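S.K.: Can you keep this structure in mind? I'll have questions shortly.
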Amino acid sequence: MRIGEETIEKIRESLDIVEIVGEYVQLKRQGRNYVGLCPFHNEQTPSFSVSPDKKIYHCFGCKAGGDLFSFIQEIEGIDFLDAVAILGEKAGIDVPDSRGSSLKKNDNSTSLYHGMELLSKFYQYLLMDQRYGGPAQQYLQSRGFESKTAQSFQIGYAVDAWETATRFLERRGFNLDEFVKIGLLSKRELNGKIFDRFRHRVIFPIHDHRGRPVAFAGRVLDDQKPKYLNSPESHLFHKGKILYGYHLARAAIKKTSEVVLFEGYVDVIKAHQAGITNVVASMGTSLTEDQASLLTRNTESIIICYDSDHAGTEAAFRAAEMLKQYGKTIKIARMPKGMDPDDYISRYGGERFKNDVLGASLTIMAFKMQYLRIGKNLNDEGEKLLYIEKVLQEVAQLTKAVERDHYLRQLSDEFSISLDALKQQQYQYYRKQKQPNSRRERKSQFTQNKRALLPAYQMAERRLLAHMMHDAEIAELVQEQIGGAFNDVIHQALAAYLYGFYSEGHVPDIASFIQSIEDQEIKAAATEIAMMSVNMDVTSQEIDDYIKQIIQHTKWAEITAKEEEKKAAERNQDFEKASQILAEIIFMKKQLERH
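Throughout, this note's numbering is defined as the position within the sequence shown, counted from one, plus 944.
Given below as structure tokens:
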């Protein structure tokens, strides 16, 4: 099914691309545009730019670019129809059948999302009704969960029966086999009978970053095994891509520009109940790249608050190392021995947790210094020197001189070692770390500079194309004078797209034009060129100069080719042909001189 262009334009005009992108990327105003760290590749220096005037985005690092529809497609990993449906919903504009048409290509995902949402509400109803949820209510009260908290997180109860959820879904016309595939229901091998997977358990729905329930975690209320039963991985639920509670925490994260990372979902729920709402959890797994990317979107500061046991300390160390590459401020909150955040908040309250645990968070370097002490006897001379050596190696990697000086002074004071000696040793490690990479770094910098300094004819083509995007009359003039005779093949294709766009009766609209381009390489080039700052009051002389420069480069390229032909003829002793070619070259050069 094709969605009407009027609907697409209406959605585009109704939404602010800065607000849409800002839900995923922390943006800061810079002149007329907004900049931030690209969500599509790891970087520490912002190269991602959003233009509210042109309604497009472009990353000058990885070359990703497009309009708000392509952004949602890329960031959510969905097709165009689903992106239109999502944005239509945000804009309050009805998009008839767009979701339905994409369901066939998407393994009935929308139907499953709908079923999960209904079942989540059903489980919540069973919890709140004393006739069914009494035991679950008692359990939650014993754990200190308030009724309001249970509602916010849609906590529910699966009754002690075999077919309650199965019949609930069946009566509403859902395909039960689809729910068996995602592990929500089970099927007996002998007779194929479908039954409930979750029975007599408190249900904790797990939502994706858009707030859709994609899985359930069930905590048993009797002696059944296993104690905790979770939905398996499916095309709806990828554990490594989800941060528990992110959909509820996003607003608080953006407001405070800080996020707290826990291990478990119960820690998140307890923190919310205590008024600390900028919290999420990696659900006990090691932090993944996908989770790290999601975690760093709307914040400048991340506090890792894992359990105090050895496994928790190791996991915090790995998470800190992974997050370091995103250029954010990373801290580690240390829990008292034998306690997790849930225990601490239950015993001492949210205010004390905020002040004494989160407020006392360590920098990565301070945490590493404590981490490197584990298992070492610092009274032993050999182990002490080994510890100092490892700390110096870590200090050498710090980018800020003030930080390096701070930790070197700490070592000097603690172990009564000369500060100068520590600085000298640290500098030796610094030089050793930098040396293998210096040649590669210089080469990379040279390549970047070379890429930035484009030949004059290419800059002329880019500026001309930028003006053509803004002005249909300029595009018509260029089409008459040079057509598709651009020297760069991407520029040739881009010009062809523009000619076609205007021939269909479209008025200049950069976002609409870019959305019409299907080829990703051409789309990336179009967004990069569209982001160029050009003089909107361009003179006809300036346009003529660009055209002349392009034509001249084309002619010189032809002359160069002719000169190669002449050399080949001379090598073959065909002097008559060489003379003819020389005459052609002289004629072509005279023509160029006249222009």
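Idealized CB from N, CA, C, for every residue including glycine. For clarity, every value in this text was computed on a predicted model and none was experimentally measured.
1. Buried or exposed: ILE1019, going by 16 or more other Cβ atoms within 10 Å of its Cβ?
2. Is it buried or exposed for ALA1469, if we count other Cβ within 10 angstroms and need 16 for buried?
3. Only counting the same chain, and skipping five residues up and downstream in sequence, which positions put a Cβ closer than 8 Å to that of ILE1037?
4. Between ARG973, LYS999 and ASP997, which lies nearest to PRO990 when the distance is taken from Cα to Cα?
5. Look at the alpha carbon of ILE1491 and the alpha carbon of HIS1414, and state the distance between them as a whole number of angstroms.
6. Do ILE1529 and GLU1507 count as a contact pair if the criterion is CB distance below 9 Å?
7. In whole angstroms, give me the CA-to-CA distance for SER1456 and SER1096.
8. Do the CB positions of ILE961 and LYS1007 come within less than 9 Å of each other?
9. With DSSP as the reference, please indicate the residues paired to PRO1079 in a beta bridge.
10. Could you have a look at LYS1007 and say whether DSSP puts it in helix, strand or coil?
11. Report the option in ARG1143, ASP1011 and PHE1089 whose CA atom is closest to the CA atom of TRP1106.
12. What is the residue span of the alpha helix (DSSP H) that ILE1019 lies within?
13. Sorry if obvious, but does the Cβ on ALA1522 come closer than 8 Å to a heavy atom of the ligand GTP?
14. If you draw a straight line from the alpha carbon of GLN1436 to that of GLY1005, how long is it in whole angstroms?
15. Can you find at least 3 beta carbon pairs, one from the stretch 1262-1282 and one from the stretch 1295-1307, that sit closer than 8 Å?
16. Would you grab the beta carbon distance between HIS1191 and HIS1151 for me? Rounded to a whole angstrom, and I think it's under 8 Å.
17. Ends of the beta strand (DSSP E) at ASP1432?
18. Which whole-angstrom value is the C-beta distance of SER1055 and LEU1180, which I expect to be below 8 Å?
19. Where does the unbroken alpha helix (DSSP H) through PHE1457 begin, and where does it stop?
20. Does the stretch 1330-1350 touch the stretch 1232-1249, meaning 3 or more C-beta pairs lie closer than 8 Å?
21. Looking only at DSSP bridge pairs, what is PRO1149 linked to?
22. Assess contact between the stretch 1404-1412 and the stretch 1422-1442, defined as three or more Cβ pairs (one per stretch) separated by less than 8 Å. Is contact present?
23. Where does THR951 sit, in a helix, a strand or coil, going by DSSP?
24. At which residues does the beta strand (DSSP E) containing LEU1173 begin and terminate?
25. Can you find at least 3 beta carbon pairs, one from the stretch 1259-1267 and one from the stretch 1208-1225, that sit closer than 8 Å?
26. Can you name, in chain order, every residue of its own chain whose Cβ lies under 7 Å from the Cβ of TYR1101, other than the five neighbours on each side?
27. What whole-angstrom Cβ distance do LEU1352 and LEU1342 have, given they're in contact under 8 Å?
28. Pick helix, strand or coil for ASP1166, following the three-state DSSP scheme.
29. Compare the Cα-Cα distances from PRO996 to each of GLN1085, ASN977 and SER1230 and report the closest residue.
30. Excluding the 5 residues preceding and the 5 following LYS929 in the sequence, name in chain order all residues of the same chain whose CB lies nearer than 6 Å to its CB.
31. Give the DSSP-derived three-state secondary structure of PHE1390 in the structure shown.
32. Would you tell me roughly how many angstroms separate the C-alpha atoms of TYR1001 and ALA1474, rounded to the nearest one?
33. Using DSSP bridges, identify the partner residues of ILE1274.
34. Between GLY1184 and ALA1225, how many whole angstroms is the CB-CB distance? I'm expecting something under 8 Å.
35. For chain B, check one thing: does any of its Cβ atoms lie closer than 9 Å to the Cβ of GLY1127?
36. Around the C-beta of ARG1154, are 16 or more other C-beta atoms found within 10 angstroms, so that it is buried, or is it exposed?
M.R.: Answer, in terms of the structure:
1. buried
2. buried
3. THR951, LYS954, ILE955 and SER958
4. ARG973
5. 17 Å
6. yes
7. 40 Å
8. no
9. Answer by DSSP bridge pairing: none, since PRO1079 is not bridged.
10. coil
11. ARG1143
12. 1012-1020
13. Ligands in the displayed structure: none, and consequently the ligand GTP is not present.
14. 23 Å
15. yes
16. 5 Å
17. No beta strand (DSSP E) holds ASP1432; DSSP gives it neither H nor E.
18. So it is not a contact: roughly 11 Å between Cβ atoms.
19. 1454-1460
20. no
21. PHE1160
22. yes
23. helix
24. 1172-1174
25. no
26. TYR1067, LEU1070, LEU1071, TYR1076, GLY1077, ALA1080, VAL1146 and ILE1147
27. About 10 Å separates the two Cβ atoms, so there is no contact after all.
28. coil
29. ASN977
30. Given a span of 945 to 1539 for the chain in the structure shown, any question on residue 929 remains unanswerable.
31. Low confidence applies here, because PHE1390 scores a pLDDT of 41, under 50, leaving its location unreliable and the question unanswered by this model.
32. 9 Å
33. ILE1246
34. Wrong, their Cβ atoms sit about 13 Å apart, outside the cutoff.
35. No chain B is part of this structure, which consists of one protein chain only.
36. exposed
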